[in-house]
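Undergrad: Residue numbers (this note's numbering): 969 to 1237.
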């Protein structure tokens, strides 16, 4: 159940953007420091967050090398324990370090491997928190590629948007096509494709919701689907999403890095 301290929240007035980053990536070692036209990838992400202009921005670093790169570009970095199990834990430690007085009432968790993310998405992830009943916000984009409907690496959000609405409550997340997708099984049998939504892993948290979330143990559905956000749903936290039109490129492999370089090249995209 949601704690009593979360029962009467209001729209965030003073958010902060925190970007978790660590060098230990199996598929792309030293990923945050990967060169993108003369600057480390983490600096590109920091710049995009600054352009969003929703509040101060800091990078929550697991290693000094990341902090040095960010600070050399004029950004703010916070060194955290290297052994955190998730980015959420890392940003919570950073939040306590940069704001022990609790001035920031909401936190945007922006992944450090999104160098082409549009600043508008950083702004959009705060929109669900304008509803006082919402604890956590995130983003979805409609799946347009038929192959993505079946791809387990594409996380789907079970969500129903009212006509004309751009915000809705997330009921579940899965690597399987959810809700039930008859078109996926027999697209030639007269079934009409219904929208499926690709979850974008950018989050906004009310400060107290983040504190509650990181204090929770991993949940059964989270472990089964390997999706951290299910821990929040199982604990009774409300997670709403904003529908957007753009899917940011997540850099996880050398091929992704090459694509990011092409997109960020002069005249790229």
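Ideal Cβ positions, reconstructed from N, Cα and C, are used throughout, including at glycine.
(1) Does the Cβ of residue 1121 have 16 or more other Cβ atoms within 10 Å, making it buried, or fewer, making it exposed?
(2) Out of curiosity, what's the CA-to-CA distance linking residue 1114 and residue 1068?
(3) Can you confirm whether the region 1008-1024 touches the region 975-990 when touching is taken to mean that 3 or more C-beta pairs between the two stretches lie within less than 8 angstroms?
(4) Could you check what DSSP says for residue 1141 in three-state terms: helix, strand or coil?
(5) Excluding sequence positions up to five away, which residues of its chain have a Cβ less than 6 angstroms from the Cβ of residue 1138?
(6) State the CB to CB distance for the pair residue 1076 and residue 1167, rounded to an integer number of angstroms; the pair is presumed to be in contact (CB under 8 angstroms).
(7) If you check the beta carbons only, do residue 1060 and residue 1195 fall under 8 angstroms apart?
(8) Smallest Cα separation from residue 1052: which of 1170, 1004, 1221 and 1182?
(9) Taking only the alpha-carbon atoms, compute the straight-line gap between residue 1018 and residue 1057 and give it to the nearest angstrom.
(10) With a threshold of 7 angstroms on Cβ separation, who are the neighbours of residue 1221 within its own chain once the five nearest residues in sequence on each side are excluded?
(11) Once DSSP output is grouped into helix, strand and coil, what is the label at residue 1038?
(12) Once you ignore the five residues that flank residue 1000 on each side, which residues in its own chain have a CB closer than 7 angstroms to its CB?
(13) Assuming residue 1065 contacts residue 1225 under a Cβ cut-off of 8 angstroms, what Cβ separation, rounded to an integer in Å, is found between them?
(14) Could you round the C-beta distance between residue 1105 and residue 1165 to whole angstroms and report it? I think they count as a contact, below 8 angstroms.
(15) DSSP three-state call for residue 1010: helix, strand or coil?
(16) Hey, how far is the Cα of residue 1231 from the Cα of residue 1096?
(17) CB-CB under 7 angstroms to residue 1213, same chain, minus the five flanking residues each way: which ones, in chain order?
(18) Express the C-alpha separation of residue 1045 and residue 986 in angstroms, rounding to a whole number.
(19) For the candidate residues 1102, 1176 and 1140, whose alpha-carbon lies nearest to that of residue 1063?
(20) Between the C-alpha atoms of residue 1163 and residue 984, what's the straight-line distance to the nearest angstrom?
(21) Pull up the distance between the alpha-carbon of residue 1234 and that of residue 1185, whole angstroms please.
TA: With the given structure in hand:
(1) Exposed, because fewer than 16 other Cβ atoms sit within 10 Å of the Cβ of residue 1121.
(2) Just so you know, the alpha carbons of residue 1114 and residue 1068 end up roughly 47 angstroms apart.
(3) Output reads yes: the region 1008-1024 touches the region 975-990.
(4) Residue 1141 falls in the strand class under three-state DSSP.
(5) Result list for residue 1138: 1125, 1127, 1207 and 1209, in chain order.
(6) In fact, because the Cβ distance is near 16 angstroms, the residues do not count as touching under 8 angstroms.
(7) Cβ atoms of residue 1060 and residue 1195: not closer than 8 angstroms.
(8) Selected option, being the one with the closest Cα: 1182.
(9) Taking the CA atoms as reference points, residue 1018 sits about 22 angstroms from residue 1057.
(10) Here residue 1221 has 995 and 996 as same chain residues with Cβ atoms under 7 angstroms from its own Cβ, once five neighbours each way along the sequence are excluded.
(11) Residue 1038: helix per DSSP, three-state reduction.
(12) The residues are 989, 991, 1008, 1009, 1010, 1034 and 1080.
(13) That pair is no contact at about 30 angstroms.
(14) Between residue 1105 and residue 1165 a beta carbon distance of about 15 angstroms is seen, past the 8 angstroms cut, so the two are scored as non-contacting.
(15) DSSP, read as helix, strand or coil, puts residue 1010 in helix.
(16) Going by C-alpha positions, residue 1231 is about 29 angstroms away from residue 1096.
(17) The answer, listed in chain order, is 1109.
(18) Their backbone Cα atoms lie some 9 angstroms apart in a straight line.
(19) The residue among 1102, 1176 and 1140 with its C-alpha nearest the C-alpha of residue 1063 is 1176.
(20) Approximately 32 angstroms between the Cα atoms of the pair.
(21) Rounded to whole angstroms, the separation of the alpha carbons of residue 1185 and residue 1234 is 46 angstroms.
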